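So the sequence lines, in the order shown, correspond to chains A and B.
If you read the first sequence in our numbering, its first letter stands for residue 1, the second for the next number, and so on.
If you read the second sequence in our numbering, its first letter stands for residue 82, the second for the next number, and so on.
Note that beta-carbon positions come from the ideal geometry of N, C-alpha and C, so glycine has one too.
In this text, all values refer to a predicted model and were calculated from it rather than measured experimentally.
A short worksheet on the structure shown next.
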Amino acid sequence: MSVKLTIMQQMEQVAREHGKILPPLKEDLVLANCGLDSLGFAVLVARLEDTLGIDPFTAADDAIFPITLGDFVKVYEHGQR
Amino acid sequence: MSMASGETALRDYVAARATERWLWDRGRSVCLTDLHSGTTLGAGLPSLAGRSVLVAAENQLNAALALIELDGIARRVVILPPGVEFGHLAEIIAASQVDAAVIDSGSPSLTTLGLPIQVSCEPSIIRTTEDPANRISTEWVLVTSGTTGVPKMVVHNLASLTAPLQAPSPADGATVWGTFYDIRRYGGLQIYLRALLGGASLVLSNPEESVADHLARLAQREMTHLSGTPSHWRRALMNPAIEKIAPRYVRLSGEIADQAVLDGLRATFPQAVVGHAYASTEAGVAFDVNDSRAGFPADYFAVTRDDVEMKVVDGSLRIRSPRTASAYLGAAPPLAAADGFVDTGDIVEQHGDRCFFAGRKGGIINIGGMKVHPEEVEAVINRHPRVRMSLVRGRQSPITGSVVVADVVLSSGQDLEGKRQIEVKNDILKFCSNALPRHKVPASISFVPKLDVAATGKLVRRQG
């Protein structure tokens with residue numbers, strides 16, 4: 001499964017658990033507007049660490065602030081290489 | 082410090098009983114009544130009179146017998162639990178002014194530590210006509226494994242260790258105690274002394290023995306009363322050999338007894354009284370709860386029972402009673418506040434007319450400013466029918482600082498296949514969501530074959 005697909009599936013799953021409804025998951029979706037709050041993102045990052053084996057945010061030397069869903073996916077794709 | 086003549090030392094309780102009583106550690110069974118006119122310390126016993134004696138025998142039975150002999154004779158006994166690092170020994174010896182040691186016969190001596198007197202335990206009781214008549218009040222020093230790694234030395238005496246609680250435990254018929262604890266730790270020492278004072282026998286644990294073999298041995302001597310931590314009990318409940326034992330009294334202490342483990346024990350031993358006790362090395366035994374429910378009645382705060390006074394300050398339970406320890410030895414903060422109350426560090430929360438332990442003061446996970454006690458999440462996970470035990474901890478999060486994650490041991494003990502595993506995980510998550518606020522629900526659940534239980538019988542909690 002692609003990194004992008006994994007991320008989207010996990011987002012849907014976390015949103016379901018937290019009782020949130022996500023807008024269509026497009027590349028240019030601004031994360032701040034996606035409906036997940038900071039706890040939701042914290043859970044998402046933890047789940048992705050389980051499935052993809054990395055937490056690129058904690059591993060990075062510099063702070064990373066992805067703005068859109070596309071940026072977020074790239075951080076993981078970059079981290080996997 | 083000297084005791085008025087006519088008061089009793091531990092050996093008097095042994096001598097007072099005519100019926101045959103024993104201590105059994107798998108290798109040896111020793112008849113306690115033989116100690117009335119005998120010794121395991123041979124000719125060395127008189128040389129220990131009035132001294133501060135380190136009970137350094139590695140063999141638990143040797144240590145147990147030496148304690149009977151030393152009480153009333155030594156000025157102080159310092160009980161060394163197994164597993165204390167050699168590096169800490171010099172500190173312990175200096176702080177407790179130890180000037181003699183009791184060791185296993187044939188074990189390497191402690192001469193490097195500069196102890197002038199060392200007495201070896203004989204493998205059996207040697208008859209003697211001499212009854213050491215001069216009784217002094219002996220200080221009992223327990224060495225606890227501090228979370229920081231530096232052991233603390235906690236001062237008790239026989240009275241503070243044995244002052245009885247009124248709450249009755251089933252005592253009809255001959256009592257044979259068993260314990261998963263080592264008797265050189267507070268929880269185990271309680272059981273040992275209870276057996277000695279109550280005229281019972283005791284099956285000792287053995288560190289080299291499997292849980293199944295230990296249970297089989299308990300069954301062989303028809304053990305009636307059995308004590309351990311909830312972690313000890315969960316481990317035993319996972320073992321098929323649990324069917325061999327039929328205790329009348331099941332006792333939990335040392336960790337929070339959640340409803341799941343109490344229910345598991347009730348179901349396994351329908352004929353038994355299942356009780357949990359609250360005690361700590363410093364605060365002593367505070368109360369027993371025998372209604373098979375987690376937590377304790379809130380009116381324990383209103384009414385002083387068994388001379389135990391309790392209050393909650395800054396969320397944590399404070400205790401003052403005749404069973405609290407008197408002091409720490411060495412460079413340590415005061416054991417109790419100026420008013421005599423000991424801060425247990427255990428967080429208590431009241432729900433209706435019941436109080437529950439939420440966790441440890443220092444063990445809090447901070448999730449974006451919201452606090453979670455690992456134990457409250459474990460208590461929920463452990464109620465799930467597929468779960469035997471769990472360990473909840475914080476995992477670093479770039480967003481909220483920490484998130485809650487859980488390691489879970491399933492009750493079936495068998496490996497689940499990929500798809501089924503995800504189903505069970507989701508079910509446990511749903512179970513948590515129904516019982517807990519969102520930030521306390523684990524972000525991640527891992528199934529593990531087992532969880533580490535420390536030599537103290539408690540779950541090993543690592544920070545981070």
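- Counting only Cβ-Cβ distances below 7 Å, residue 61 (chain A) has no contacts in chain B at all, with the closest Cβ about 13 Å away.
- Here the alpha carbons of residue 270 (chain B) and residue 360 (chain B) stand approximately 12 Å from one another.
- According to the DSSP secondary-structure assignment, residue 448 (chain B) is paired through a beta bridge with B:451.
- Between residue 278 (chain B) and residue 243 (chain B), the C-beta gap is smaller than 7 Å, which places the two residues in contact.
- Assignment of residue 223 (chain B) by DSSP, reduced to helix, strand and coil, places it in the strand class.
- For the pair residue 484 (chain B) and residue 478 (chain B), the CB atoms are nearer than the 7 Å cut-off.
- Pairing residue 316 (chain B) with residue 114 (chain B), the inter-Cα distance amounts to about 34 Å.
- Residues of chain B whose Cβ lies closer than 9 Å to the Cβ of residue 45 (chain A) are, in chain order, 478, 479, 480, 484, 524.
- Going by DSSP, residue 347 (chain B) is part of the alpha helix (DSSP H) stretching over 340-349.
- Residue environment for residue 335 (chain B): buried (at least 16 other C-beta atoms within 10 angstroms of its C-beta).
- For residue 520 (chain B), the C-beta contacts it makes with chain A under 8 Å involve 39, in order along the chain.
- Fully enclosed beta strand (DSSP E) runs of no fewer than 3 residues occupy 103-105, 110-112, 133-136 of the stretch 103-149 of chain B, in order along the chain.
- At least one CB atom of chain B sits nearer than 7 Å to the CB of residue 57 (chain A).
- Contacts between residue 71 (chain A) and chain B, judged by CB atoms closer than 7 Å, are missing: the closest CB pair is about 15 Å apart.
- For residue 78 (chain A), there are no neighbours in chain B by C-beta distance under 8 Å, as the nearest C-beta there is about 15 Å away.
- Using a CB distance below 9 Å, the part of the stretch 436-465 of chain B facing chain A consists of 448, 449, 451, ordered along the chain.
- Here residue 181 (chain B) is bridged, per DSSP, to B:134, B:198.
- For chain B, the residues of the stretch 16-27 of chain A that bring a beta carbon within less than 8 Å of one of its beta carbons are 17, 18, in chain order.
- For residue 520 (chain B) against residue 453 (chain B), the beta-carbon gap comes to about 7 Å, under 8 Å, which counts as contact.
- Contacts with chain A (Cβ-Cβ distance below 9 Å) from the stretch 500-515 of chain B involve 507, 510, 511, 514, listed in chain order.
- Excluding the 5 residues flanking it on each side, residue 364 (chain B) has same chain C-beta neighbours closer than 7 Å at 400, 405, 423, 425, in chain order.
- Taking C-alpha positions only, residue 282 (chain B) is separated from residue 194 (chain B) by approximately 36 Å.
- One thing to note: residue 436 (chain B) has its Cβ within 7 Å of the Cβ of residue 377 (chain B).
- Taken in chain order, the complete beta strand (DSSP E) segments of 3 residues or longer contained in the stretch 261-305 of chain B are 282-284.
- Ranked by how close their Cα comes to the Cα of residue 39 (chain A), the residues B:449, B:508, B:118 have B:449 in first place.
- In the three-state reduction of the DSSP assignment, residue 4 (chain A) falls in the helix class.
- The C-beta of residue 21 (chain A) has fewer than 16 other C-beta atoms within 10 Å across all chains shown, which makes the residue exposed.
- Here residue 391 (chain B) carries a strand assignment [DSSP, helix/strand/coil].
- With respect to the 7 Å criterion, residue 181 (chain B) and residue 134 (chain B) are classified as neighbours on the basis of their beta carbons.
- A straight-line Cα-Cα distance of about 23 Å links residue 442 (chain B) and residue 434 (chain B).
- In the assembly as shown, residue 16 (chain A) is an exposed residue. Its beta-carbon has fewer than 16 other beta-carbons within 10 Å.
- For residue 32 (chain A), no Cβ of chain B is located within less than 7 Å of the residue's own Cβ.
- In the structure shown, residue 431 (chain B) adopts extended strand secondary structure according to DSSP, grouped into three states.
- For residue 35 (chain A), no pairing in a beta bridge is given by DSSP.
- When the alpha-carbon of residue 220 (chain B) is set against those of B:206, B:542, B:238, B:208, the nearest one is in B:238.
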